[in-house]
Each structure stands twice: as structure tokens, then as C-alpha cells.
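Participant: Quick one: the structure is below, questions incoming.
There are 2 protein chains.
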Amino acid sequence: MKTVPLVVTGFGNVGRAFFSLMREKKEDLKRRYGLALDVLAVAQAEGCFYSGGPLEVRQISQGGEPWTSGNPSWRAEMKVADIIEETGPGGCLVECTLSNLETGEPGLSYITGAFHGGWHAVAASKGALVVGFPALKALAAEKGVFLKLSGATAAALPTLDVGLFSLAGARIEGIQGILNGTTNYILTRMGEGLDYAEALQEAQARGIAEPDPAHDVDGWDTASKILIITNACLDADYGLKDVQVRGIAGVSVDFVQSARREGRSVKLLATASPKRQAGKWSLDVRPSLIEATHPLANVNGTEKGITFLTDSMGSVTVTGGRSNPRGAAAALLKDIINIYRPAF
Amino acid sequence: MKTVPLVVTGFGNVGRAFFSLMREKKEDLKRRYGLALDVLAVAQAEGCFYSGGPLEVRQISQGGEPWTSGNPSWRAEMKVADIIEETGPGGCLVECTLSNLETGEPGLSYITGAFHGGWHAVAASKGALVVGFPALKALAAEKGVFLKLSGATAAALPTLDVGLFSLAGARIEGIQGILNGTTNYILTRMGEGLDYAEALQEAQARGIAEPDPAHDVDGWDTASKILIITNACLDADYGLKDVQVRGIAGVSVDFVQSARREGRSVKLLATASPKRQAGKWSLDVRPSLIEATHPLANVNGTEKGITFLTDSMGSVTVTGGRSNPRGAAAALLKDIINIYRPAF
Numbered sequence: 001m002k003t004v005p006l007v008v009t010g011f012g013n014v015g016r017a018f019f020s021l022m023r024e025k026k027e028d029l030k031r032r033y034g035l036a037l038d039v040l041a042v043a044q045a046e047g048c049f050y051s052g053g054p055l056e057v058r059q060i061s062q063g064g065e066p067w068t069s070g071n072p073s074w075r076a077e078m079k080v081a082d083i084i085e086e087t088g089p090g091g092c093l094v095e096c097t098l099s100n101l102e103t104g105e106p107g108l109s110y111i112t113g114a115f116h117g118g119w120h121a122v123a124a125s126k127g128a129l130v131v132g133f134p135a136l137k138a139l140a141a142e143k144g145v146f147l148k149l150s151g152a153t154a155a156a157l158p159t160l161d162v163g164l165f166s167l168a169g170a171r172i173e174g175i176q177g178i179l180n181g182t183t184n185y186i187l188t189r190m191g192e193g194l195d196y197a198e199a200l201q202e203a204q205a206r207g208i209a210e211p212d213p214a215h216d217v218d219g220w221d222t223a224s225k226i227l228i229i230t231n232a233c234l235d236a237d238y239g240l241k242d243v244q245v246r247g248i249a250g251v252s253v254d255f256v257q258s259a260r261r262e263g264r265s266v267k268l269l270a271t272a273s274p275k276r277q278a279g280k281w282s283l284d285v286r287p288s289l290i291e292a293t294h295p296l297a298n299v300n301g302t303e304k305g306i307t308f309l310t311d312s313m314g315s316v317t318v319t320g321g322r323s324n325p326r327g328a329a330a331a332l333l334k335d336i337i338n339i340y341r342p343a344f
Numbered sequence: 001m002k003t004v005p006l007v008v009t010g011f012g013n014v015g016r017a018f019f020s021l022m023r024e025k026k027e028d029l030k031r032r033y034g035l036a037l038d039v040l041a042v043a044q045a046e047g048c049f050y051s052g053g054p055l056e057v058r059q060i061s062q063g064g065e066p067w068t069s070g071n072p073s074w075r076a077e078m079k080v081a082d083i084i085e086e087t088g089p090g091g092c093l094v095e096c097t098l099s100n101l102e103t104g105e106p107g108l109s110y111i112t113g114a115f116h117g118g119w120h121a122v123a124a125s126k127g128a129l130v131v132g133f134p135a136l137k138a139l140a141a142e143k144g145v146f147l148k149l150s151g152a153t154a155a156a157l158p159t160l161d162v163g164l165f166s167l168a169g170a171r172i173e174g175i176q177g178i179l180n181g182t183t184n185y186i187l188t189r190m191g192e193g194l195d196y197a198e199a200l201q202e203a204q205a206r207g208i209a210e211p212d213p214a215h216d217v218d219g220w221d222t223a224s225k226i227l228i229i230t231n232a233c234l235d236a237d238y239g240l241k242d243v244q245v246r247g248i249a250g251v252s253v254d255f256v257q258s259a260r261r262e263g264r265s266v267k268l269l270a271t272a273s274p275k276r277q278a279g280k281w282s283l284d285v286r287p288s289l290i291e292a293t294h295p296l297a298n299v300n301g302t303e304k305g306i307t308f309l310t311d312s313m314g315s316v317t318v319t320g321g322r323s324n325p326r327g328a329a330a331a332l333l334k335d336i337i338n339i340y341r342p343a344f
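As they're listed, the protein sequences go chains A and B.
According to the working numbering, the first sequence is numbered sequentially starting from 1.
According to the working numbering, the second sequence is numbered sequentially starting from 1.
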């Protein structure tokens with residue numbers, strides 16, 4: 001049995017779902033992978049929950065909200081780096097903050113700090129990866145630790161697993177993805193007759209779209225994902241500024257429905273395609289018409305999917321995978337297992 | 001740079017495609033994964049090609065056929081086990097024979113011998129895995145070596161990668177697959193109006209079906225794959241006798257076409273589904289009606305696909321992946337890379 005020390009940064013929906021999944025899977029992780037996970041600390045902007053032993057949810061939150069005032073496990077001003085240093089190398093940071101897409105913070109500092117302390121990192125947040133993935137990857141290699149990103153690249157849909165593991169040895173010649181469930185839901189409902197405003201409103205009422213839906217509908221969530229996937233799978237170093245982005249707000253219901261009558265569909269498609277200049281890629285997010293025979297044509301509602309075109313393996317498509325906080329938590333857990341498990 | 005000694009057993013279509021892919025990817029493997037692959041021997045039933053150094057295709061074959069008589073690299077009676085012992089542990093067996101589904105031979109002896117010599121094994125042949133996967137897996141664990149099966153479980157379609165790696169930590173609650181390209185091609189063409197005999201004949205004329213198509217059309221190829229996938233992903237120990245198998249020969253064109261008119265399709269579906277008795281699975285291969293919304297509904301022609309139903313990750317489907325000898329060779333190469341590559 002291997003005991004793995006963890007520090008969880010952030011305690012929003014994903015952090016909470018991770019705790020609950022970890023508890024649900026406790027016996028299973030021991031039996032199937034020989035792993036016991038101990039959360040030593042949960043970091044917030046102003047300090048850490050820390051009790052000197054494995055933390056339980058009841059020590060962190062009351063009524064679902066972080067519980068600081070009067071909590072014997074709350075240490076204002078305590079830093080993650082200190083906990084990592086005290087614990088020694090070999091643990092894993094579980095990055096669940098809402099990191100900024102321009103500065104990468106606070107995730108960037110957390111992950112960098114973990115690597116310097118000899119810890120691995122698994123990330124559900126995108127900021128640090130959008131801003132500095134190549135540098136983080138180089139630092140991880142230098143320190144001999146893992147950086148795993150499943151939680152930040154479409155959660156339970158295994159985009160990077162396929163791109164990096166299942167396609168090992170193949171040359172990727174193009175990537176196409178439906179990477180955002182909210183916009184795919186809205187476009188699917190528009191195909192069924194709702195106009196954009198109605199479909200968005202319904203998605204908000206059902207908790208699929210955020211009250212401020214801009215990050216999804218303007219295409220930036222999709223752009224962040226195709227950027228991270230491209231940089232990781234193609235060893236590239238693009239930034240968000242290199243992605244041509246058009247969201248779905250300008251898509252008319254007539255356009256979606258006439259496509260549908262012709263047996264086609266409109267999807268917010270993210271693509272990475274090779275430029276004429278060898279080794280250069282063009283990154284693009286925009287509402288696109290796809291044929292009924294396209295491998296992503298059946299990806300409807302909140303589902304997501306990705307297609308890789310390769311030289312030696314043909315085209316490989318993966319679809320599905322839960323995309324709610326539980327799906328993101330499952331992706332984090334998977335990455336942790338794949339860092340520590342015995343050979344399989 | 002890590003130099004990996006290989007022994008290839010069998011030199012049929014897949015073995016030849018593996019050689020040609022290895023040569024094509026030589027520089028790429030060095031640059032991307034730091035690996036150099038050296039084939040030390042190619043084994044046939046009556047002896048080995050062996051020259052004391054890395055073998056080239058021209059030393060093994062003339063005009064595409066194995067070249068024994070008068071060949072300075074041909075050693076009649078030479079055994080794979082002797083080459084492995086002489087080389088020492090750490091190499092990899094590349095199993096490409098046509099192994100028997102009842103005895104598992106010759107693959108079973110080759111793989112067992114490799115493990116006893118401290119070698120890993122990657123397999124494109126199914127016999128040994130159908131007959132004795134759990135025992136082979138236990139032996140591999142005991143010897144601290146890898147047994148990888150991508151080439152035997154739908155080639156470039158990453159069935160086991162998803163089941164074992166991408167779904168780590170999730171509980172698999174069901175598996176459904178279209179795992180044989182030949183039968184899927186025939187059923188697809190029947191949907192387009194051909195009767196069974198016409199569709200089969202066309203598949204044979206196009207090199208998709210074998211001159212003796214029984215292994216495919218009677219469902220045994222599909223049964224072997226769902227069996228190996230189930231045993232590997234669910235830690236089970238079923239045999240071919242546990243799989244209920246019905247092939248496609250009795251499927252009428254009327255049935256396929258009336259399904260199509262209703263927006264459904266007929267697929268040779270392999271399923272593993274939980275029995276009421278906890279921990280027991282029911283394995284089944286039969287022509288099945290699936291709805292247009294089923295994630296495998298769009299898998300047509302020689303394409304394949306697999307869907308995993310899980311507790312924490314929802315349903316995850318992977319489709320596509322080249323299934324010709326080049327695809328199988330790419331799957332073998334991927335498994336070798338994933339055994340030896342540095343952490344990623």
C-alpha cells in the first residue's frame with residue numbers, strides 16, 4: 001500500500017466533488033491500485049485548512065461553504081510551500097482554483113511551488129496551462145515530476161490520454177473538437193427550434209450555462225482547451241492570442257435549422273490544422289457546419305468529443321465523458337492513479 | 001537514448017508492416033521518445049533469422065516472402081528463448097504469429113518464455129490471450145514486466161488504453177463494442193441494399209473479408225476481442241466458452257433495411273453486462289438493433305468502436321483507428337513506446 005500526500009488548492013465545486021469522490025472510492029483505490037490518498041491541506045487565498053493529519057470534509061466546510069472563523073483546522077497565512085517542504089518530495093498538488101487566463105494565477109504559483117518541492121501536480125484549472133504550459137512541462141521534466149492535465153482538458157473525456165498515450169508513435173496531422181458542453185447544448189436546442197436567446201435561457205435555468213455565459217458562448221473556454229491540447233500533444237508553444245476565436249452569439253436559428261434539413265449540423269468546432277510552413281499550426285474556434293458522416297456529428301447536448309487525424313493510425317475519435325464537477329473530479333483522480341499506480 | 005532489443009515472432013502481414021513502420025518512424029522515435037528499436041531476431045516455426053546485430057527486412061525476406069534457403073541470417077532450429085537468455089533481461093517480444101484460439105500456441109509459449117527471461121511482451125495475436133490472459137498477467141506481474149495487448153484488441157482503436165488508463169478509478173458498469181471491421185462493412189452494405197451474399201462477395205473482392213470468412217462472420221473474432229477486453233478491464237477470468245456468440249450469416253437484408261427506414265441500424269454488437277450476481281458478467285456477441293442516438297450508431301463500413309459505461313465518468317466512446325496491418329503495427333509500436341518512454 002502506498003500512501004500519497006495531497007494538497008488541494010481551491011475548494012469550489014470541483015474541489016468539493018474531488019473530496020466526495022475520494023471518500024466514495026477509498027476502498028476501491030486500495031484494492032485495485034494499492035493507493036491511499038491523504039489530503040494534508042486545502043489551500044484558500046488567505047490561508048490553509050491543516051490539522052497535521054488527513055483532512056475530512058467536515059473540518060473544512062459547514063453547509064458546503066469553507067469554514068474559517070472559529071475552525072481549529074484553519075491556519076490563516078499558512079502557505080502551501082511550507083506544507084510541501086515539511087512533508088518532503090513525492091506528494092501531489094491537486095489544482096482546483098479558478099485561475100486567471102491572463103496571469104495564470106493563483107494556479108501558476110501553486111504548481112511551480114509544487115515542482116520545486118519535488119511534488120507532482122494534477123490540474124483542473126486552465127489558467128496556468130494557458131499561460132505557461134511549455135515552461136511548466138520543462139520544469140516538471142527537470143524536477144522529475146509529473147504534470148497531468150486531464151481535469152483542465154474536457155474532464156472525463158480523455159482528450160490528452162488519447163493524444164499522448166493512445167497515439168504514441170503516430171504523427172498527429174489535425175485535431176477537431178467539440179470541447180464545450182454549454183455551447184453544444186445551446187446549438188443542439190437551436191437545431192430543435194429554439195432561438196439563441198431561448199436556448200441560452202434554458203441552459204441557464206438548467207444550470208448548464210453560467211449566469212454570465214460569456215466565457216463559454218464567446219468561445220474562450222473552447223479556445224483554452226484546444227490551446228492546451230495542441231501545446232501538449234504537438235509540443236508547441238502557442239498562446240491564447242494565436243487562436244482565432246468566434247463564439248456562437250451570432251449564429252441564427254435559420255442557419256442551424258437549414259443545416260439540419262440538409263442532414264448537417266452546426267457545432268462550435270475547435271481545430272488545430274497544419275500550416276503550409278512545416279511545424280506551424282493554425283488554431284481556430286468557430287461555429288462550423290459538419291456533415292452527418294463526420295465522427296463528431298452525433299455529439300449532441302452537453303456531450304463533447306475530439307477527433308485526431310494521424311498518419312499511421314487513421315482517425316481516432318473519443319466522445320462522451322461526464323463534464324460536471326464529478327467528471328472533473330474523476331479526471332483528477334485518474335491522473336493521480338496514473339502517476340502512482342504500479343505498471344499495468 | 002535507450003536501445004531496446006526486440007524479437008519479432010511471426011512474419012506475416014502484421015510482422016512485415018511492423019518492420020516497415022519501424023523504419024519509417026526511426027528518427028521520430030529517437031527525437032520524441034529517446035528510443036532506438038533493434039530487432040535481434042525474427043522467429044519462424046522452424047528457426048530464426050538472426051545475424052548477431054539489428055536485422056533489416058532484406059535479410060529476412062525476398063519478394064515479401066520469408067527467405068530461408070541460402071540465407072546467411074537464417075538459423076534453422078535456433079530458439080527464441082536462447083536469444084533472450086543471451087541478450088539478458090529488459091527486451092521486448094513482439095508477438096505476431098497466427099496463434100490458435102484453443103491452444104494459444106505458438107504465442108503462449110513465446111510470451112511465457114519472454115517473461116521468464118525478464119522480457120516484456122506486446123501482442124498482435126489473440127490465441128495466447130484468449131486461452132490464458134489472467135495467468136499471463138499474473139506471471140508478468142511476478143516477473144516485473146509488461147504485457148500489452150493493443151494489437152490484439154482492435155489494433156489502432158484504443159480499446160484497452162481507454163478501459164485501463166483513461167478510466168482509471170472509475171467503475172466500468174458495461175461495455176458495448178463494434179469490434180470487427182469485416183462484419184460491420186457487410187452490415188453497412190446490406191443497409192445500402194446488397195443482400196448478405198453480395199455484400200460478403202464484395203468484401204472479399206476488396207480484400208476486407210478473408211477467402212474463408214468464417215472467423216469474422218461467425219462472430220469468433222469479435223468474441224475473442226470482447227473476451228480479452230473484459231478479462232483485462234474487469235480483472236475477470238472468462239473463456240471463449242462463456243461468450244454467447246451469434247454471427248451475421250442469418251441476418252436478412254429486409255431486417256437491416258427496415259431498421260434503417262426507422263432510423264436505426266443493425267450492428268454485430270459485443271457486450272459485457274453485469275449479471276445480478278455481483279461480480280459476474282454476461283458476455284454476448286450478436287446482431288443487434290441500435291438507435292440513431294447510440295454513440296456507436298455512426299460507426300459504419302470497416303470502422304470499429306467501443307463504449308464504456310462507468311459510475312463516475314459517464315459513458316465514454318472511442319471510434320475509428322486504422323484496422324489493417326499498418327494499424328496493427330502502429331498499435332504494437334505504441335505499446336512498445338508506452339513501456340519504455342520516460343514519464344509524460
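Beta carbons: idealized from backbone N, C-alpha and C, even for Gly.
1) Arg-322 (chain A): buried (16+ other C-beta within 10 angstroms of its C-beta) or exposed?
2) Under 8 Å between beta-carbons, which chain B residues line up against Leu-164 (chain A)? List them in chain order, please.
3) Using a Cβ cut-off of 7 Å, pull out every chain A residue sitting near Gly-327 (chain B), in sequence order please.
4) Taking DSSP as the reference, what is the three-state secondary structure of Asp-284 (chain B)?
5) With which residues is Tyr-50 (chain A) paired in a DSSP beta bridge?
6) Using a Cβ-Cβ distance cut-off of 7 Å, determine whether Ile-178 (chain A) contacts chain B.
7) Taking only three categories from DSSP, how would you classify Ser-312 (chain A)?
8) Apart from the five residues on each side of it in sequence, which residues of its chain come closer than 8 Å, Cβ to Cβ, to Val-217 (chain A)?
9) Apart from the five residues just before and just after Leu-227 (chain B), which ones in its own chain have a Cβ nearer than 7 Å to its Cβ?
10) Give the DSSP bridge partners of Ser-166 (chain A), in chain order.
11) Is it buried or exposed, Lys-280 (chain A), if we count other Cβ atoms within 10 angstroms and call 16 or more buried?
12) Given that a residue counts as buried once 16 or more other Cβ atoms are within 10 Å of its Cβ, and exposed if not, what is Gly-144 (chain B)?
13) Buried or exposed: where does Arg-326 (chain A) fall if 16 or more other Cβ atoms within 10 Å of its Cβ makes it buried?
14) Verify whether the separation of the beta carbon atoms of Gly-177 (chain B) and Ser-273 (chain B) is less than 7 Å.
15) Pull out every residue of the region 24-52 of chain B whose Cβ sits closer than 9 Å to any Cβ of chain A, in chain order.
16) Can you tell me which of the three DSSP states Lys-148 (chain B) falls into?
17) Chain A beta carbons: is any one of them nearer than 7 Å to that of Asn-13 (chain B)?
18) When the Cα atoms are used, what is the spatial distance from Thr-159 (chain A) to Leu-21 (chain A)?
19) Following the continuous alpha helix (DSSP H) through Gln-176 (chain B), name the residue where it begins and the one where it ends.
20) What are the residues of the region 275-298 of chain A that lie near chain B, defined by any Cβ-Cβ distance shorter than 7 Å?
21) Using the Cα positions of Leu-136 (chain A) and Asp-28 (chain B), report the straight-line distance between them to the nearest angstrom.
22) Keeping to the same chain, check which residues put their C-beta closer than 8 Å to that of Ser-406 (chain B); ignore five residues upstream and five downstream.
23) Residue range of the beta strand (DSSP E) that Glu-95 (chain A) falls in?
24) Step through the CB atoms of chain B and report whether any lies within less than 7 Å of the CB of Leu-269 (chain A).
25) What is the residue span of the alpha helix (DSSP H) that Arg-58 (chain A) lies within?
26) Count the C-beta pairs between the region 35-46 of chain B and the region 78-85 of chain B that are closer than 8 Å, then say yes if the count reaches three, no if not.
27) Just how far apart, CA to CA, sit Val-7 (chain B) and Gly-15 (chain B)?
28) For the region 83-116 of chain A, which residues have a CB atom closer than 9 Å to at least one CB atom of chain B, in sequence order?
29) Starting from Gln-201 (chain A), follow its DSSP beta bridges and name the residues at the other end.
30) Helix, strand or coil for Ser-125 (chain B)? Go by DSSP, reduced to three states.
31) Are the C-beta of Phe-255 (chain B) and some C-beta of chain A separated by less than 7 Å?
32) Could you list which residues in chain B have their beta carbon closer than 9 Å to that of Asp-161 (chain A), in chain order?
33) Among the residues of its own chain, which have a CB less than 7 Å from the CB of Met-1 (chain A), if the five just before and after it don't count?
34) Answer yes or no: do Ala-170 (chain A) and Ser-312 (chain A) have a C-beta to C-beta separation smaller than 7 Å?
35) Could you tell me which chain C residues have their CB closer than 7 Å to the CB of Ile-337 (chain A), listed as they occur along the chain?
36) Buried or exposed: where does Lys-267 (chain A) fall if 16 or more other Cβ atoms within 10 Å of its Cβ makes it buried?
Facilitator: Answer, in terms of the structure:
1) Within the first sequence, the letter at position 322 stands for residue 322 (chain A). Its Cβ being crowded by 16 or more others within 10 Å, Arg-322 (chain A) is buried.
2) Looking up residue 164 (chain A) in the first sequence gives position 164. Chain B residues near Leu-164 (chain A): Phe-344.
3) Taking the first residue of the second sequence as position 1, residue 327 (chain B) is located at position 327. Within chain A, the residues near Gly-327 (chain B) are Met-313 and Gly-314.
4) Taking the second sequence and counting its residues from 1, the one referred to as residue 284 (chain B) is at position 284. Note: Asp-284 (chain B) maps to strand in three-state DSSP.
5) Locating residue 50 (chain A) in the first sequence gives position 50, where the first residue counts as 1. DSSP output for Tyr-50 (chain A) lists A:Ala-41 as bridge partner(s).
6) Taking the first residue of the first sequence as position 1, residue 178 (chain A) is located at position 178. By this cut-off, Ile-178 (chain A) is not an interface position.
7) Counting from 1 along the first sequence, the entry for residue 312 (chain A) is found at position 312. In this structure, Ser-312 (chain A) counts as coil in the three-state DSSP scheme.
8) Position 217 of the first sequence, counted from the start, is the residue given in the question as residue 217 (chain A). For Val-217 (chain A), where only same-chain residues beyond five positions count, the Cβ hits under 8 Å are Thr-182, Thr-183, Ile-186, Leu-200, Ala-209, Gly-247, Ile-248 and Ala-249.
9) Indexing the second sequence from 1 puts residue 227 (chain B) at position 227. Counting only residues of its own chain and dropping the five nearest sequence neighbours on each side, Leu-227 (chain B) has a CB closer than 7 Å to the CB of Val-130, Tyr-238, Leu-240, Val-243 and Leu-283.
10) Position 166 of the first sequence, counting from 1, holds the residue named residue 166 (chain A). Under DSSP, Ser-166 (chain A) takes part in no beta bridge, so it has no partner.
11) Here residue 280 (chain A) refers to the residue found at position 280 of the first sequence. Exposed, since its Cβ has fewer than 16 Cβ neighbours within 10 Å.
12) Position 144 of the second sequence, counting from 1, holds the residue named residue 144 (chain B). Per the 10 Å Cβ criterion, exposed.
13) Translated into positions along the first sequence, residue 326 (chain A) becomes position 326. Buried, because 16 or more other Cβ atoms sit within 10 Å of the Cβ of Arg-326 (chain A).
14) Position 177 of the second sequence, counting from 1, holds the residue named residue 177 (chain B). Position 273 of the second sequence, counting from 1, holds the residue named residue 273 (chain B). One thing to note: Gly-177 (chain B) has its Cβ no nearer than 7 Å to the Cβ of Ser-273 (chain B).
15) If the cut-off is 9 Å between Cβ atoms, the region 24-52 of chain B has Glu-24, Lys-25, Asp-28, Leu-29, Arg-32 and Tyr-33 near chain A.
16) Translated into the one-based positions of the second sequence, residue 148 (chain B) becomes position 148. Strand at Lys-148 (chain B).
17) Counting from 1 along the second sequence, the entry for residue 13 (chain B) is found at position 13. False, the Cβ-Cβ gap to chain A never drops below 7 Å.
18) By 1-based counting over the first sequence, the position of residue 159 (chain A) is 159. By 1-based counting over the first sequence, the position of residue 21 (chain A) is 21. Straight-line spacing of the CA atoms in Thr-159 (chain A) and Leu-21 (chain A) works out to 21 Å.
19) Counting from one through the second sequence, the residue named residue 176 (chain B) turns up at place 176. It is not in any alpha helix (DSSP H) - Gln-176 (chain B) instead sits in the beta strand (DSSP E) that spans 172-178.
20) For the region 275-298 of chain A, residues whose beta-carbon sits nearer than 7 Å to a beta-carbon of chain B comprise Pro-295, Ala-297 and Asn-298.
21) Translated into positions along the first sequence, residue 136 (chain A) becomes position 136. Translated into positions along the second sequence, residue 28 (chain B) becomes position 28. Using only the alpha carbons, I get a separation of about 24 Å.
22) Residue 406 (chain B) lies beyond the stretch modelled for chain B, which goes from 1 to 344, so this question has no answer here.
23) As a first step, residue 95 (chain A) is located in the first sequence; it is residue number 95 there, counting from the start. Segment 92-95, the beta strand (DSSP E) holding Glu-95 (chain A).
24) Here residue 269 (chain A) is taken as the residue at index 269 of the first sequence, counted from 1. Closer than 7 Å: no.
25) Within the first sequence, numbered from 1, the residue matching residue 58 (chain A) stands at position 58. No alpha helix (DSSP H) holds Arg-58 (chain A); DSSP gives it neither H nor E.
26) Inter-segment contact for the region 35-46 of chain B and the region 78-85 of chain B is present: three or more beta-carbon pairs are separated by less than 8 Å.
27) Locating residue 7 (chain B) in the second sequence gives position 7, counting from the first residue. Locating residue 15 (chain B) in the second sequence gives position 15, counting from the first residue. Taking the straight line joining both Cα atoms gives about 11 Å.
28) For the region 83-116 of chain A, which is checked against every Cβ of chain B, not one residue is closer than 9 Å.
29) As a working note, residue 201 (chain A) is residue 201 in the first sequence. DSSP output for Gln-201 (chain A) lists no bridge partner at all.
30) As a position in the second sequence, residue 125 (chain B) is number 125, starting the count at 1. Reduced to three states, the DSSP call for Ser-125 (chain B) is coil.
31) Position 255 of the second sequence, counted from the start, is the residue given in the question as residue 255 (chain B). Residue contact with chain A for Phe-255 (chain B): absent (no Cβ-Cβ distance below 7 Å to any residue of chain A).
32) For the purposes of this step, residue 161 (chain A) is identified with residue 161 of the first sequence, where counting begins at 1. Ordered by position in chain B, the residues that pass the 9 Å Cβ test against Asp-161 (chain A) are Pro-158, Asp-161, Val-162, Phe-165 and Ser-166.
33) Locating residue 1 (chain A) in the first sequence gives position 1, where the first residue counts as 1. Cβ within range, chain order: Lys-30, Gly-34 and Ala-36.
34) Here residue 170 (chain A) is taken as the residue at index 170 of the first sequence, counted from 1. Here residue 312 (chain A) is taken as the residue at index 312 of the first sequence, counted from 1. Going by C-beta atoms, Ala-170 (chain A) is nearer than 7 Å to Ser-312 (chain A).
35) The displayed structure is made up of protein chains A and B, and chain C is not among them.
36) In the first sequence, residue 267 (chain A) corresponds to position 267, counting from 1. So Lys-267 (chain A) ends up on the buried side.
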